[in-house]
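Chemist: Next up is a structure, given as C-alpha coordinates.
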Amino acid sequence: MNDTQREVLRAIADTVVPRIDRPDDPHGFWARSGSEMGAHEGVAQALAQMPDLQREGLGRLALGLAEMGFLGASQRSREQLLRNLAALGPEARAGAQALVGLSLFFAYGMPDPQTGVNAFWSEFGYPGPGAPSEPQARSVAPLVPDRDEDAYEADAIVVGSGAGGGVIAAALAEAGQRVIVLDAGGLFDESEFNQYELWAYQNLYWRGGPNPTADMNVSLYAGSGYGGGTTINWTNCLRTKPWVREQWAREHGLEGLDGPEFDRHLDAVWKRLSVNDRCSDLNGTQARMKAGADRLGWSFKTITRNIDESRYSADTAGLIGFGDRSGAKLSTARTYLADAREHGAEVIVRCFAERVLVEGGRAAGVEAVYADPESGHTARVTVRAPRVVVACGALE
(Lines of atoms letter the chains of each structure in order from A; the text may use other names.)
(Lines give C-alpha, C1' and ligand atoms only; values in the text may rest on other atoms or scores of the structure.)
Protein backbone atom coordinates (compact mmCIF):
# COMPACT_ATOMS: atom_id res chain seq x y z
CA MET A 93 0.00 0.00 0.00
CA ASN A 94 1.18 3.54 -0.64
CA ASP A 95 1.39 6.34 1.92
CA THR A 96 -1.98 7.81 0.97
CA GLN A 97 -3.76 4.49 1.41
CA ARG A 98 -2.11 3.98 4.81
CA GLU A 99 -3.19 7.45 5.93
CA VAL A 100 -6.75 6.65 4.89
CA LEU A 101 -6.63 3.46 6.98
CA ARG A 102 -5.44 5.53 9.94
CA ALA A 103 -8.25 8.04 9.41
CA ILE A 104 -10.86 5.25 9.17
CA ALA A 105 -9.59 3.76 12.43
CA ASP A 106 -9.93 7.16 14.12
CA THR A 107 -13.38 7.63 12.63
CA VAL A 108 -14.89 4.40 13.92
CA VAL A 109 -12.97 4.55 17.23
CA PRO A 110 -12.54 8.30 17.77
CA ARG A 111 -10.86 10.05 20.65
CA ILE A 112 -13.58 11.65 22.80
CA ASP A 113 -12.68 13.96 25.67
CA ARG A 114 -15.03 13.41 28.60
CA PRO A 115 -14.63 14.46 32.23
CA ASP A 116 -16.16 11.20 33.50
CA ASP A 117 -13.53 8.94 31.97
CA PRO A 118 -11.34 7.72 34.87
CA HIS A 119 -9.74 4.89 32.87
CA GLY A 120 -9.28 6.71 29.58
CA PHE A 121 -11.71 4.48 27.69
CA TRP A 122 -13.18 7.29 25.59
CA ALA A 123 -9.85 9.03 25.06
CA ARG A 124 -8.26 6.13 23.14
CA SER A 125 -8.44 6.35 19.37
CA GLY A 126 -8.20 3.51 16.89
CA SER A 127 -4.81 4.60 15.61
CA GLU A 128 -3.45 4.82 19.16
CA MET A 129 -4.38 1.15 19.49
CA GLY A 130 -2.56 0.37 16.21
CA ALA A 131 -5.75 -0.64 14.42
CA HIS A 132 -4.69 0.84 11.08
CA GLU A 133 -1.48 -1.19 11.12
CA GLY A 134 -3.44 -4.36 11.80
CA VAL A 135 -5.81 -3.59 8.92
CA ALA A 136 -2.85 -3.07 6.57
CA GLN A 137 -1.43 -6.47 7.57
CA ALA A 138 -4.81 -8.12 7.06
CA LEU A 139 -5.16 -6.60 3.60
CA ALA A 140 -1.71 -7.88 2.67
CA GLN A 141 -2.92 -11.46 3.26
CA MET A 142 -6.10 -11.12 1.17
CA PRO A 143 -6.38 -12.45 -2.39
CA ASP A 144 -5.27 -9.94 -5.02
CA LEU A 145 -8.80 -9.13 -6.17
CA GLN A 146 -10.07 -8.14 -2.73
CA ARG A 147 -6.87 -6.37 -1.71
CA GLU A 148 -6.75 -4.29 -4.88
CA GLY A 149 -10.43 -3.42 -4.58
CA LEU A 150 -10.07 -2.19 -1.01
CA GLY A 151 -6.94 -0.28 -2.00
CA ARG A 152 -8.88 1.54 -4.73
CA LEU A 153 -11.60 2.25 -2.20
CA ALA A 154 -9.05 3.90 0.10
CA LEU A 155 -7.75 6.05 -2.75
CA GLY A 156 -11.32 7.00 -3.61
CA LEU A 157 -11.90 8.20 -0.06
CA ALA A 158 -8.73 10.29 -0.26
CA GLU A 159 -9.99 11.92 -3.46
CA MET A 160 -13.27 12.71 -1.67
CA GLY A 161 -11.35 14.74 0.93
CA PHE A 162 -11.56 12.13 3.66
CA LEU A 163 -8.16 12.90 5.17
CA GLY A 164 -8.87 16.56 5.85
CA ALA A 165 -12.50 16.20 6.86
CA SER A 166 -14.00 16.55 10.33
CA GLN A 167 -15.24 13.58 12.34
CA ARG A 168 -18.86 14.17 11.31
CA SER A 169 -17.90 14.64 7.66
CA ARG A 170 -15.82 11.44 7.63
CA GLU A 171 -18.75 9.51 9.05
CA GLN A 172 -20.99 10.93 6.32
CA LEU A 173 -18.44 10.15 3.61
CA LEU A 174 -18.37 6.51 4.72
CA ARG A 175 -22.18 6.42 4.58
CA ASN A 176 -22.13 8.03 1.14
CA LEU A 177 -19.58 5.50 -0.04
CA ALA A 178 -21.68 2.60 1.20
CA ALA A 179 -24.71 4.00 -0.67
CA LEU A 180 -22.96 3.86 -4.06
CA GLY A 181 -23.72 0.17 -4.56
CA PRO A 182 -23.34 -3.31 -3.10
CA GLU A 183 -19.61 -3.62 -3.82
CA ALA A 184 -18.80 -0.21 -2.34
CA ARG A 185 -20.98 -0.97 0.67
CA ALA A 186 -19.25 -4.32 1.23
CA GLY A 187 -15.83 -2.68 0.94
CA ALA A 188 -16.71 0.09 3.38
CA GLN A 189 -18.11 -2.47 5.82
CA ALA A 190 -14.91 -4.51 5.52
CA LEU A 191 -12.64 -1.55 6.32
CA VAL A 192 -14.84 -0.40 9.20
CA GLY A 193 -15.20 -3.91 10.60
CA LEU A 194 -11.48 -4.64 10.43
CA SER A 195 -10.70 -1.33 12.14
CA LEU A 196 -13.04 -2.16 15.00
CA PHE A 197 -11.68 -5.68 15.26
CA PHE A 198 -8.07 -4.59 15.60
CA ALA A 199 -8.81 -1.64 17.86
CA TYR A 200 -10.57 -3.82 20.41
CA GLY A 201 -8.76 -7.11 19.82
CA MET A 202 -5.08 -6.28 19.37
CA PRO A 203 -3.10 -6.78 22.61
CA ASP A 204 -0.31 -4.47 23.66
CA PRO A 205 2.96 -6.26 22.78
CA GLN A 206 4.48 -5.28 26.14
CA THR A 207 1.62 -6.25 28.45
CA GLY A 208 -0.25 -8.81 26.36
CA VAL A 209 -3.48 -6.99 27.20
CA ASN A 210 -5.66 -4.66 25.17
CA ALA A 211 -6.37 -1.48 27.12
CA PHE A 212 -10.10 -1.73 26.34
CA TRP A 213 -10.52 -5.23 27.76
CA SER A 214 -10.81 -4.28 31.43
CA GLU A 215 -13.69 -1.94 30.61
CA PHE A 216 -15.49 -4.76 28.83
CA GLY A 217 -14.91 -7.16 31.71
CA TYR A 218 -12.95 -9.46 29.39
CA PRO A 219 -10.06 -11.11 31.23
CA GLY A 220 -8.23 -12.27 28.12
CA PRO A 221 -6.27 -15.52 27.96
CA GLY A 222 -4.98 -17.02 31.18
CA ALA A 223 -1.37 -17.59 32.12
CA PRO A 224 0.62 -19.39 29.42
CA SER A 225 1.20 -23.10 29.71
CA GLU A 226 4.59 -24.54 30.54
CA PRO A 227 6.52 -25.25 27.34
CA GLN A 228 6.61 -28.92 26.45
CA ALA A 229 8.38 -31.00 23.85
CA ARG A 230 6.26 -31.49 20.77
CA SER A 231 4.54 -34.85 20.66
CA VAL A 232 4.71 -34.99 16.86
CA ALA A 233 7.97 -34.99 14.91
CA PRO A 234 7.15 -34.12 11.28
CA LEU A 235 9.35 -34.90 8.33
CA VAL A 236 11.52 -31.89 7.47
CA PRO A 237 12.87 -31.55 3.92
CA ASP A 238 16.54 -30.62 4.39
CA ARG A 239 17.56 -30.09 0.78
CA ASP A 240 16.53 -27.62 -1.90
CA GLU A 241 14.73 -30.48 -3.62
CA ASP A 242 13.48 -33.52 -1.75
CA ALA A 243 11.59 -36.61 -2.88
CA TYR A 244 9.59 -39.22 -0.97
CA GLU A 245 7.68 -42.34 -1.85
CA ALA A 246 4.58 -43.77 -0.22
CA ASP A 247 1.56 -45.95 -0.89
CA ALA A 248 -0.78 -43.03 -0.34
CA ILE A 249 -0.58 -39.25 -0.03
CA VAL A 250 -3.20 -37.30 1.87
CA VAL A 251 -3.21 -33.55 1.26
CA GLY A 252 -4.86 -31.93 4.27
CA SER A 253 -5.05 -33.09 7.88
CA GLY A 254 -8.48 -31.89 8.96
CA ALA A 255 -11.80 -33.66 9.41
CA GLY A 256 -11.52 -35.35 6.01
CA GLY A 257 -7.80 -35.93 5.61
CA GLY A 258 -7.23 -37.05 9.18
CA VAL A 259 -9.89 -39.76 9.02
CA ILE A 260 -8.69 -41.01 5.63
CA ALA A 261 -5.05 -41.06 6.73
CA ALA A 262 -5.93 -43.20 9.73
CA ALA A 263 -7.98 -45.65 7.69
CA LEU A 264 -5.22 -46.07 5.09
CA ALA A 265 -2.45 -46.42 7.67
CA GLU A 266 -4.43 -48.95 9.68
CA ALA A 267 -4.89 -50.93 6.46
CA GLY A 268 -1.11 -51.22 6.18
CA GLN A 269 -0.51 -48.45 3.67
CA ARG A 270 2.59 -46.24 3.89
CA VAL A 271 0.97 -42.82 4.28
CA ILE A 272 2.40 -39.31 4.04
CA VAL A 273 0.18 -36.39 5.07
CA LEU A 274 0.89 -32.91 3.70
CA ASP A 275 -0.43 -29.73 5.29
CA ALA A 276 0.18 -26.14 4.21
CA GLY A 277 0.03 -24.78 7.76
CA GLY A 278 2.13 -25.23 10.86
CA LEU A 279 2.13 -27.67 13.74
CA PHE A 280 1.58 -26.53 17.31
CA ASP A 281 1.23 -28.50 20.52
CA GLU A 282 -1.40 -27.54 23.07
CA SER A 283 1.14 -25.77 25.27
CA GLU A 284 1.92 -23.44 22.34
CA PHE A 285 -1.66 -22.18 22.02
CA ASN A 286 -1.61 -18.80 23.77
CA GLN A 287 -5.32 -18.34 22.93
CA TYR A 288 -4.94 -14.79 21.73
CA GLU A 289 -7.43 -14.12 18.96
CA LEU A 290 -4.99 -12.35 16.65
CA TRP A 291 -2.23 -14.92 17.13
CA ALA A 292 -4.70 -17.67 16.31
CA TYR A 293 -5.87 -15.94 13.16
CA GLN A 294 -2.29 -15.46 12.02
CA ASN A 295 -1.14 -19.00 12.79
CA LEU A 296 -4.14 -21.35 12.76
CA TYR A 297 -6.55 -19.86 10.22
CA TRP A 298 -6.40 -19.90 6.45
CA ARG A 299 -5.27 -16.52 5.13
CA GLY A 300 -5.30 -15.01 8.60
CA GLY A 301 -8.98 -15.33 9.47
CA PRO A 302 -12.08 -14.18 7.61
CA ASN A 303 -12.15 -14.90 3.89
CA PRO A 304 -14.66 -12.60 2.18
CA THR A 305 -16.59 -13.60 -0.89
CA ALA A 306 -15.92 -11.61 -4.06
CA ASP A 307 -18.74 -9.18 -3.23
CA MET A 308 -17.47 -8.82 0.37
CA ASN A 309 -20.93 -9.68 1.75
CA VAL A 310 -20.03 -12.95 3.48
CA SER A 311 -16.85 -14.10 5.23
CA LEU A 312 -15.92 -17.74 5.69
CA TYR A 313 -13.29 -19.30 7.94
CA ALA A 314 -11.07 -22.34 7.53
CA GLY A 315 -8.29 -23.89 9.55
CA SER A 316 -4.74 -23.99 8.26
CA GLY A 317 -2.33 -26.31 10.01
CA TYR A 318 -2.04 -29.69 11.64
CA GLY A 319 -5.59 -30.78 12.41
CA GLY A 320 -7.10 -28.32 9.95
CA GLY A 321 -10.46 -26.92 10.90
CA THR A 322 -10.79 -29.34 13.82
CA THR A 323 -8.06 -27.38 15.63
CA ILE A 324 -10.04 -24.14 15.60
CA ASN A 325 -13.71 -25.11 15.36
CA TRP A 326 -16.20 -25.04 18.23
CA THR A 327 -16.60 -28.85 18.42
CA ASN A 328 -20.27 -28.91 17.44
CA CYS A 329 -21.06 -32.38 16.12
CA LEU A 330 -24.27 -32.63 14.11
CA ARG A 331 -25.44 -35.76 12.33
CA THR A 332 -26.50 -35.00 8.78
CA LYS A 333 -30.30 -35.08 8.57
CA PRO A 334 -31.80 -38.03 6.65
CA TRP A 335 -33.62 -35.74 4.20
CA VAL A 336 -30.34 -34.00 3.33
CA ARG A 337 -28.63 -37.34 2.71
CA GLU A 338 -31.54 -38.45 0.55
CA GLN A 339 -31.29 -35.25 -1.47
CA TRP A 340 -27.53 -35.73 -1.95
CA ALA A 341 -28.12 -39.26 -3.21
CA ARG A 342 -31.11 -38.38 -5.39
CA GLU A 343 -29.95 -35.10 -6.95
CA HIS A 344 -26.19 -35.48 -6.95
CA GLY A 345 -25.67 -39.20 -7.40
CA LEU A 346 -23.71 -39.67 -4.16
CA GLU A 347 -24.16 -43.37 -3.50
CA GLY A 348 -24.33 -44.92 -0.08
CA LEU A 349 -25.28 -41.82 1.90
CA ASP A 350 -29.00 -42.52 2.31
CA GLY A 351 -28.74 -46.00 3.80
CA PRO A 352 -27.83 -47.68 7.08
CA GLU A 353 -24.19 -48.14 6.04
CA PHE A 354 -23.61 -44.40 6.35
CA ASP A 355 -25.13 -44.47 9.84
CA ARG A 356 -22.55 -47.07 10.82
CA HIS A 357 -19.78 -44.75 9.65
CA LEU A 358 -21.24 -41.89 11.68
CA ASP A 359 -21.51 -44.15 14.71
CA ALA A 360 -17.83 -45.05 14.38
CA VAL A 361 -16.80 -41.39 14.20
CA TRP A 362 -19.01 -40.48 17.16
CA LYS A 363 -17.38 -43.22 19.20
CA ARG A 364 -13.81 -42.27 18.27
CA LEU A 365 -14.47 -38.61 19.07
CA SER A 366 -16.30 -39.40 22.34
CA VAL A 367 -19.15 -37.15 21.23
CA ASN A 368 -21.36 -36.17 24.16
CA ASP A 369 -23.77 -33.46 25.33
CA ARG A 370 -22.33 -33.02 28.83
CA CYS A 371 -19.67 -30.37 28.18
CA SER A 372 -21.68 -27.25 27.46
CA ASP A 373 -22.17 -24.47 30.01
CA LEU A 374 -25.16 -22.20 29.54
CA ASN A 375 -24.51 -18.47 29.55
CA GLY A 376 -27.11 -15.99 30.75
CA THR A 377 -28.93 -15.76 27.43
CA GLN A 378 -29.05 -19.52 27.01
CA ALA A 379 -30.21 -20.05 30.58
CA ARG A 380 -33.11 -17.64 29.98
CA MET A 381 -33.94 -19.44 26.75
CA LYS A 382 -34.03 -22.78 28.58
CA ALA A 383 -36.23 -21.33 31.32
CA GLY A 384 -38.63 -20.02 28.68
CA ALA A 385 -38.66 -23.33 26.83
CA ASP A 386 -39.36 -25.19 30.08
CA ARG A 387 -42.28 -22.91 30.90
CA LEU A 388 -43.75 -23.42 27.43
CA GLY A 389 -43.23 -27.16 27.56
CA TRP A 390 -40.77 -27.08 24.68
CA SER A 391 -37.76 -29.38 24.49
CA PHE A 392 -34.31 -27.91 25.07
CA LYS A 393 -31.11 -29.77 24.31
CA THR A 394 -27.44 -28.92 24.52
CA ILE A 395 -25.32 -29.53 21.46
CA THR A 396 -23.28 -32.72 21.14
CA ARG A 397 -19.55 -32.05 21.00
CA ASN A 398 -16.28 -33.94 20.56
CA ILE A 399 -14.92 -33.17 24.03
CA ASP A 400 -13.02 -35.33 26.51
CA GLU A 401 -15.08 -34.95 29.67
CA SER A 402 -12.12 -35.77 31.91
CA ARG A 403 -10.12 -32.79 30.57
CA TYR A 404 -12.90 -30.31 29.95
CA SER A 405 -12.36 -26.92 31.56
CA ALA A 406 -15.05 -24.25 31.65
CA ASP A 407 -12.30 -21.66 32.22
CA THR A 408 -10.80 -22.20 28.76
CA ALA A 409 -13.85 -23.51 26.87
CA GLY A 410 -14.71 -20.08 25.51
CA LEU A 411 -11.32 -19.81 23.82
CA ILE A 412 -11.13 -23.14 22.00
CA GLY A 413 -11.64 -21.37 18.68
CA PHE A 414 -8.09 -20.08 19.14
CA GLY A 415 -6.54 -23.46 19.90
CA ASP A 416 -7.45 -25.60 22.91
CA ARG A 417 -4.65 -25.71 25.48
CA SER A 418 -6.63 -27.94 27.86
CA GLY A 419 -6.41 -30.96 25.57
CA ALA A 420 -10.14 -31.58 25.92
CA LYS A 421 -10.96 -30.94 22.27
CA LEU A 422 -10.73 -34.24 20.43
CA SER A 423 -9.50 -32.85 17.14
CA THR A 424 -7.98 -35.03 14.45
CA ALA A 425 -4.58 -34.16 15.94
CA ARG A 426 -5.58 -36.00 19.13
CA THR A 427 -7.56 -38.79 17.46
CA TYR A 428 -7.32 -39.89 13.85
CA LEU A 429 -3.91 -38.40 13.11
CA ALA A 430 -2.59 -39.98 16.30
CA ASP A 431 -4.03 -43.30 15.09
CA ALA A 432 -2.36 -42.81 11.71
CA ARG A 433 1.01 -42.07 13.29
CA GLU A 434 0.76 -45.17 15.47
CA HIS A 435 0.54 -47.16 12.25
CA GLY A 436 3.55 -45.48 10.68
CA ALA A 437 2.09 -42.47 8.88
CA GLU A 438 4.37 -39.47 8.40
CA VAL A 439 3.45 -35.79 8.12
CA ILE A 440 5.07 -32.80 6.43
CA VAL A 441 3.76 -29.41 7.58
CA ARG A 442 4.40 -25.98 6.04
CA CYS A 443 4.14 -27.86 2.74
CA PHE A 444 1.84 -26.29 0.15
CA ALA A 445 0.67 -28.72 -2.53
CA GLU A 446 0.81 -27.09 -5.96
CA ARG A 447 -0.27 -29.82 -8.33
CA VAL A 448 -1.15 -33.49 -8.61
CA LEU A 449 1.17 -35.48 -10.83
CA VAL A 450 -0.68 -37.48 -13.47
CA GLU A 451 0.79 -40.40 -15.38
CA GLY A 452 -1.18 -42.55 -17.78
CA GLY A 453 -4.37 -40.78 -16.85
CA ARG A 454 -4.01 -41.57 -13.13
CA ALA A 455 -2.76 -39.62 -10.14
CA ALA A 456 0.84 -40.56 -9.40
CA GLY A 457 1.99 -38.09 -6.78
CA VAL A 458 2.07 -34.48 -5.62
CA GLU A 459 4.44 -31.59 -6.18
CA ALA A 460 4.63 -29.14 -3.28
CA VAL A 461 6.66 -26.30 -1.83
CA TYR A 462 7.98 -26.46 1.73
CA ALA A 463 8.68 -23.18 3.56
CA ASP A 464 9.80 -22.82 7.18
CA PRO A 465 9.07 -19.24 8.35
CA GLU A 466 11.46 -19.54 11.30
CA SER A 467 14.58 -20.71 9.47
CA GLY A 468 13.69 -19.31 6.07
CA HIS A 469 14.48 -22.67 4.46
CA THR A 470 12.44 -23.55 1.37
CA ALA A 471 12.41 -26.69 -0.73
CA ARG A 472 10.67 -28.24 -3.68
CA VAL A 473 9.03 -31.46 -2.52
CA THR A 474 7.84 -34.34 -4.65
CA VAL A 475 5.92 -37.22 -3.12
CA ARG A 476 5.14 -40.16 -5.38
CA ALA A 477 2.34 -42.60 -4.61
CA PRO A 478 -0.24 -44.56 -6.58
CA ARG A 479 -3.02 -43.18 -4.39
CA VAL A 480 -3.58 -39.45 -3.89
CA VAL A 481 -6.27 -37.99 -1.64
CA VAL A 482 -7.00 -34.26 -1.84
CA ALA A 483 -8.83 -33.17 1.33
CA CYS A 484 -8.05 -29.48 1.48
CA GLY A 485 -8.53 -26.10 -0.15
CA ALA A 486 -12.30 -25.75 0.13
CA LEU A 487 -11.99 -21.94 0.15
CA GLU A 488 -9.34 -21.64 -2.57
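Just so you know, the sequence shown maps onto residues 93 to 488 in the working numbering. Ideal placement from N, C-alpha and C gives every residue a C-beta, glycine not left out.
Checking 8 Å against the spacing of the C-beta atoms, do Ala178 and Ala184 come in under that value?
Modeler: Yes, they are a contact pair.
Chemist: Going by beta carbon distance, what residues of the same chain come within less than 8 Å of Leu346, once the five residues before and after it are set aside?
Modeler: Correct list, in chain order: Trp340.
Chemist: Under a three-way DSSP split, which group does Asp355 fall into?
Modeler: Helix.
Chemist: If we ignore side chains and look at the alpha-carbon of each, how far apart do Trp390 and Lys382 end up?
Modeler: For Trp390 and Lys382, the distance between alpha carbons rounds to 9 Å.
Chemist: Quick check: the Cα distance between Phe448 and Gly457, rounded to an integer number of angstroms?
Modeler: Sequence inspection shows Val at residue 448; the Phe mentioned does not correspond to that position. Distance between the alpha carbons of Val448 and Gly457: 6 Å.
Chemist: Thinking C-alpha only, which one of Val232, Tyr200, Pro203 and Pro237 is nearest Thr474?
Modeler: Closest option to Thr474, Cα to Cα, is Pro237.
Chemist: Do you know whose CA, among Arg331, Asp355 and Ser253, lies nearest Thr323's CA?
Modeler: Checked all of Arg331, Asp355 and Ser253; the closest Cα to Thr323 is Ser253.
Chemist: Please confirm whether any heavy atom of the ligand NAP lies closer than 7 Å to the CB of Lys363.
Modeler: Looking at this structure, you won't find the ligand NAP or any other ligand, since it has none at all.
Chemist: Would you check if the distance between the CB atom of Cys443 and the CB atom of Tyr428 is smaller than 8 Å?
Modeler: No, they are not a contact pair.
Chemist: At a cut of 8 Å, does the region 253–265 reach the region 409–422 through at least three beta carbon pairs?
Modeler: Short answer: they don't touch.
Chemist: Measure from the alpha carbon of Gln141 to the alpha carbon of each residue in Gly485, Gly156 and Asn303, then state which is nearest.
Modeler: Residue Asn303 is the option with its Cα nearest to Gln141.
Chemist: Curious, which full-length beta strand (DSSP E) runs of at least 3 residues does the region 138–164 contain?
Modeler: Here no run is fully enclosed.
Chemist: Report the residue from Gly317, Gly485 and Glu133 whose alpha carbon sits nearest the alpha carbon of Tyr297.
Modeler: The candidate whose alpha carbon is nearest that of Tyr297 is Gly317.
Chemist: One question on the structure: do Ser225 and Val108 come within less than 8 Å of each other, judged by their Cβ atoms?
Modeler: It is not a contact, given that the beta carbons lie outside the stated cut-off.
Chemist: Could you check the C-alpha separation between Gly134 and Asp350 for me, to the nearest Å?
Modeler: Looking at the two C-alpha atoms, the distance is approximately 47 Å.
Chemist: For a quick check, are the C-beta atoms of Asp113 and Ala105 less than 8 Å apart?
Modeler: Not a contact, by the Cβ cut-off of 8 Å.
Chemist: How would you label Leu153, buried or exposed, when you count the other beta carbons within 10 angstroms and need 16 or more for buried?
Modeler: When all chains shown are included, Leu153 counts as buried.
Chemist: Which of the three DSSP states, helix, strand or coil, is assigned to Phe444?
Modeler: Strand at Phe444.
Chemist: Would you tell me roughly how many angstroms separate the C-alpha atoms of Pro234 and His435, rounded to the nearest one?
Modeler: When rounded, the distance between both Cα atoms is 15 Å.
Chemist: Determine the burial state of Thr207: buried for a count of at least 16 other Cβ atoms within 10 Å of its Cβ, exposed for fewer.
Modeler: With fewer than 16 other Cβ atoms within 10 Å, it is exposed.
Chemist: Apart from the five residues just before and just after Gln167, which ones in its own chain have a Cβ nearer than 6 Å to its Cβ?
Modeler: So the qualifying residues of the chain are Pro110.
Chemist: Where does the unbroken beta strand (DSSP E) through Tyr244 begin, and where does it stop?
Modeler: From DSSP, the beta strand (DSSP E) with Tyr244 extends over Glu241 to Glu245.
Chemist: So, is Ser127 buried or exposed, given that buried needs 16 or more other C-beta atoms within 10 angstroms?
Modeler: Ser127 comes out buried.
Chemist: Let's see if you can read the secondary structure: which residues bound the alpha helix (DSSP H) around Glu459?
Modeler: Element bounds for Glu459: not the alpha helix (DSSP H) but the beta strand (DSSP E), Arg454 to Ala463.
Chemist: Rounded to the nearest angstrom, how far is the Cβ of Gly320 from that of Ala263, given a contact under 8 Å?
Modeler: Between Ala263 and Gly320 the Cβ distance is about 16 Å, and since that is not below 8 Å, they are no contact.
Chemist: Beta-carbon within less than 7 Å of Gln228's beta-carbon, same chain only, minus the 5 sequence neighbours each way: which residues are those?
Modeler: Only Asp281 and Ser283 meet the Cβ criterion.
Chemist: What's the gap between the Cα of Leu180 and the Cα of Val336?
Modeler: Going by the C-alpha atoms only, they are around 39 Å apart.
Chemist: Quick one: using the 10 Å Cβ neighbour count with 16 as the cut-off for buried, is Phe216 buried or exposed?
Modeler: When all chains shown are included, Phe216 counts as exposed.
Chemist: Could you pull out every residue in the same chain whose Cβ sits closer than 8 Å to the Cβ of Ala188, ignoring the five residues on either side in sequence?
Modeler: For Ala188, where only same-chain residues beyond five positions count, the Cβ hits under 8 Å are Leu153, Leu174, Leu177 and Ala178.
Chemist: Counting C-beta neighbours from all protein chains within 10 Å, is the total for Ser214 16 or more, i.e. buried, or is it exposed?
Modeler: Answer is exposed; the Cβ neighbour count stays below 16.
Chemist: DSSP puts Ser311 in a beta bridge; with which residues?
Modeler: Paired residues: Pro304.
Chemist: What is the C-beta distance between Thr396 and Asp359, in whole angstroms, given that I count them as a contact (C-beta under 8 Å)?
Modeler: About 13 Å; that fails the 8 Å criterion.
Chemist: Mapping the DSSP letters down to three states, classify Glu438 as helix, strand or coil.
Modeler: Of the three classes helix, strand and coil, the one that applies to Glu438 here is strand, per DSSP.
Chemist: Taking the beta strand (DSSP E) that Val232 belongs to, which residues open and close that run?
Modeler: Segment: none, Val232 is in no beta strand (DSSP E) and carries neither H nor E.
Chemist: Which one or two residues does DSSP pair with Ala471 in a beta bridge?
Modeler: Answer by DSSP bridge pairing, in chain order: Tyr462.
Chemist: Rounded to a whole number of angstroms, what is the C-alpha to C-alpha distance between Ala199 and Glu266?
Modeler: If you take the alpha carbons of Ala199 and Glu266, they lie about 48 Å apart.
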